[in-house]
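Novice:
Residue numbers (this note's numbering): 8 to 134.
1. Leaving aside the five residues before and after residue 80 along the sequence, list all residues of the same chain whose C-beta is less than 8 Å from its C-beta, in chain order.
2. Run the CB neighbour count on residue 126, radius 10 Å, all protein chains shown included, and call it buried at 16 or more, exposed below.
3. Quick one: residues in its chain with C-beta nearer than 6 Å to the C-beta of residue 32, no 5 flanking neighbours on either side, listed in chain order?
4. Alpha helix (DSSP H) containing residue 99: first to last residue?
5. Residues in the same chain with beta-carbon distance under 8 Å from residue 51, minus the five sequence neighbours each way, listed in chain order, please.
6. Could you tell me the alpha carbon to alpha carbon distance between residue 72 and residue 17, rounded to whole angstroms?
7. Figure out for me which residue from 112, 111, 23 and 13 has the closest Cα to the Cα of residue 61.
8. Starting from the C-beta of residue 117, find all residues in its chain whose C-beta is less than 7 Å away, skip the five residues before and the five after it, and write them out in chain order.
9. To the nearest angstrom, how far is the alpha carbon of residue 21 from that of residue 119?
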């Protein structure tokens with residue numbers, strides 16, 4: 008059973024936000040190509056702009072989550088060094104923390120790509 012303190016919930020929520028952002032962005036681009044009415048395009052434009060910036064703000068939670076997972080990894084290592092935990096249990100917990108860190112780091116990398124997209128296409132976000 009997976010321990011909840013090792014689960015990167017904030018990164019999972021962030022992945023959902025990124026997927027939502029991509030779907031609204033694609034809908035906006037397709038709406039422009041298909042020639043939707045101005046009201047629909049205006050709503051999609053506002054939703055697109057908000058969703059391009061909001062996951063970047065959510066990235067602060069990803070950085071905090073990274074810090075907490077990193078500290079947890081250090082605690083596990085120190086427990087092993089002090090003899091409060093056997094090596095098998097330590098390796099099991101370290102493996103769980105490393106998996107969570109991998110998920111968290113992949114979310115942070117996606118956010119960096121999104122930040123680059125927002126900087127390059129700032130005129131889309133200009134509401």
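We put the beta carbon where it would ideally sit given N, CA and C, even for glycine.
Specialist: In this structure, then:
1. Listed in chain order, the non-local C-beta contacts of residue 80 below 8 Å within the same chain comprise 101, 104, 105 and 108, local neighbours out to five positions each way being set aside.
2. Counting Cβ neighbours within 10 Å, residue 126 comes out exposed, since fewer than 16 surround it.
3. In its chain, beyond the 5 residues on either side, 55 have a beta carbon closer than 6 Å to the beta carbon of residue 32.
4. Unbroken alpha helix (DSSP H) run through residue 99: 94-127.
5. Cβ within range, chain order: 31, 34, 35, 38 and 43.
6. Take the alpha-carbon of residue 72 and the one of residue 17: they are about 7 Å apart.
7. If we check each option's Cα against that of residue 61, 23 comes out closest.
8. Here the set comprises 25.
9. Rounded to the nearest angstrom, the gap between the Cα atoms of residue 21 and residue 119 is 13 Å.
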